[in-house]
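Peer 1:
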Amino acid sequence: MTTESPHQHLANLLARSALGDRRAFEEVYRATHSKLFAVSLRIVRERQLAEEVLQDSFVSIWNHASDYAQAKSAPTTWMTAIVRNRSLDVLRRGAHEAEDVDEVMALNLVDESASPSRDHEMGQDQHSIRECLEELEADQRQSIALAFFHGLSHSELASHMRKPLGTVKTHIRRGLMRLKDCLGRHGTVASDRG
Numbered sequence: 001m002t003t004e005s006p007h008q009h010l011a012n013l014l015a016r017s018a019l020g021d022r023r024a025f026e027e028v029y030r031a032t033h034s035k036l037f038a039v040s041l042r043i044v045r046e047r048q049l050a051e052e053v054l055q056d057s058f059v060s061i062w063n064h065a066s067d068y069a070q071a072k073s074a075p076t077t078w079m080t081a082i083v084r085n086r087s088l089d090v091l092r093r094g095a096h097e098a099e100d101v102d103e104v105m106a107l108n109l110v111d112e113s114a115s116p117s118r119d120h121e122m123g124q125d126q127h128s129i130r131e132c133l134e135e136l137e138a139d140q141r142q143s144i145a146l147a148f149f150h151g152l153s154h155s156e157l158a159s160h161m162r163k164p165l166g167t168v169k170t171h172i173r174r175g176l177m178r179l180k181d182c183l184g185r186h187g188t189v190a191s192d193r194g
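Quick note: the sequence shown uses the working numbering, first residue 1, plus one each step.
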């Protein structure tokens, strides 16, 4: 009896799913749904949205299981890409999701090691950060948020935003320069606090 690696087992389950094997697909779901849900939740930041994304993603995985090419990527890598794409589509769809990305950015830019005695200063800093984020162009704000707070590479950003790689790099570079200049004008630079 030969033992399959988890990677090979999942690839075989996807191949069986492509042939319409619902039991194999149920096993794919059981083996991967927790990890894939976590990926979506990290991006969309709302449990209900992440659940919707996960459901849509598994429908897509079922419908496109025959597209999976084992030679190109691991099964979990392929499925994670589907979930990530769907999650980013949700972020792009409306202002509500875009505001959530901005809020995540603002929260992540604040120095979490601040002591209680710095509460007033922190409140002023958060206000300044929000003002500076509003000064950025939408593409700059989105590029920075997805790159720095969701861990997307420049090439992943280019693919997800449907823009050339050079354009995405320019959005990030110019956005960071504008953010740094604005925060400098407001006196909200982490190095100022020691």
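The beta-carbon is built from N, C-alpha and C at its ideal position, and this holds for glycine as well.
If you drop the 5 nearest sequence neighbours on each side, which residues of the same chain put their C-beta closer than 7 Å to that of Thr80?
Peer 2: For Thr80, where only same-chain residues beyond five positions count, the Cβ hits under 7 Å are Leu36, Val39.
Peer 1: Can you round the beta-carbon distance between Leu179 and Leu136 to whole angstroms, since I take them to be within the 8 Å contact cut?
Peer 2: Right, the Cβ-Cβ distance comes to about 7 Å (below 8 Å), so this counts as a contact.
Peer 1: In terms of residues, what are the limits of the alpha helix (DSSP H) holding His64?
Peer 2: That residue, His64, is in no alpha helix (DSSP H); it is neither H nor E in DSSP.
Peer 1: Does the distance from the CB of Ala18 to the CB of Ser57 come in under 8 Å?
Peer 2: No.
Peer 1: Can you find the residues in the same chain that come closer than 8 Å, C-beta to C-beta, to Ser143, ignoring five residues on each side of it along the sequence?
Peer 2: Cβ within range, chain order: Leu157, Met161, Val168, His171, Ile172, Gly175.
Peer 1: By DSSP, does Arg16 sit in helix, in strand, or in coil?
Peer 2: In the structure shown, Arg16 sits in a helix (DSSP, three-state: H, G or I).
Peer 1: If you check the beta carbons only, do Leu41 and Ala50 fall under 8 Å apart?
Peer 2: It is a contact, given that the beta carbons lie within the stated cut-off.
Peer 1: Whole angstroms is fine: what's the gap from Glu27's alpha carbon to Asp89's?
Peer 2: For Glu27 and Asp89, the distance between alpha carbons rounds to 27 Å.
Peer 1: Mapping the DSSP letters down to three states, classify Leu183 as helix, strand or coil.
Peer 2: It is helical.
Peer 1: Tell me whether Ser34 is buried or exposed, calling it buried when 16 or more other Cβ atoms sit within 10 Å of its Cβ.
Peer 2: Result: exposed.
Peer 1: Measuring CA to CA, which of Cys132, Gln70, Val59 is closest to Ile82?
Peer 2: That would be Val59, whose Cα lies nearest to the Cα of Ile82.
Peer 1: Below 8 Å between beta carbons: does that hold for Ser155 and Leu146?
Peer 2: No. Outside cutoff.
Peer 1: Please classify Gln140 as buried or exposed, where buried requires at least 16 other C-beta atoms within 10 Å of its C-beta.
Peer 2: Buried, because 16 or more other Cβ atoms sit within 10 Å of the Cβ of Gln140.
Peer 1: Among Phe25, His7, Lys163, Ser5, which residue has its Cα nearest to the Cα of Asn63?
Peer 2: Checking every option, the nearest Cα to that of Asn63 belongs to Phe25.
Peer 1: Pop quiz: Ala11 and Gln70 are said to be a contact at Cβ under 8 Å. What is the actual Cβ separation, rounded to whole angstroms?
Peer 2: Going by Cβ atoms, the distance from Ala11 to Gln70 rounds to 5 Å, so yes, they are a contact pair.
Peer 1: Given a cut-off of 8 Å, decide if Val53 and Arg93 are closer than it, judged by their beta-carbon atoms.
Peer 2: Not in contact: Arg93 and Val53 (Cβ atoms no closer than 8 Å).
Peer 1: For Cys182, collect the residues of the same chain with a Cβ closer than 7 Å to its Cβ; drop the 5 residues on either side in sequence, then sort them by chain order.
Peer 2: Excluding positions up to five away in sequence, the list reads Cys132, Glu135.
Peer 1: State the Cα-Cα distance for the pair Arg185 and Met177, rounded to the nearest angstrom.
Peer 2: If I take the Cα positions, the gap works out to 12 Å.
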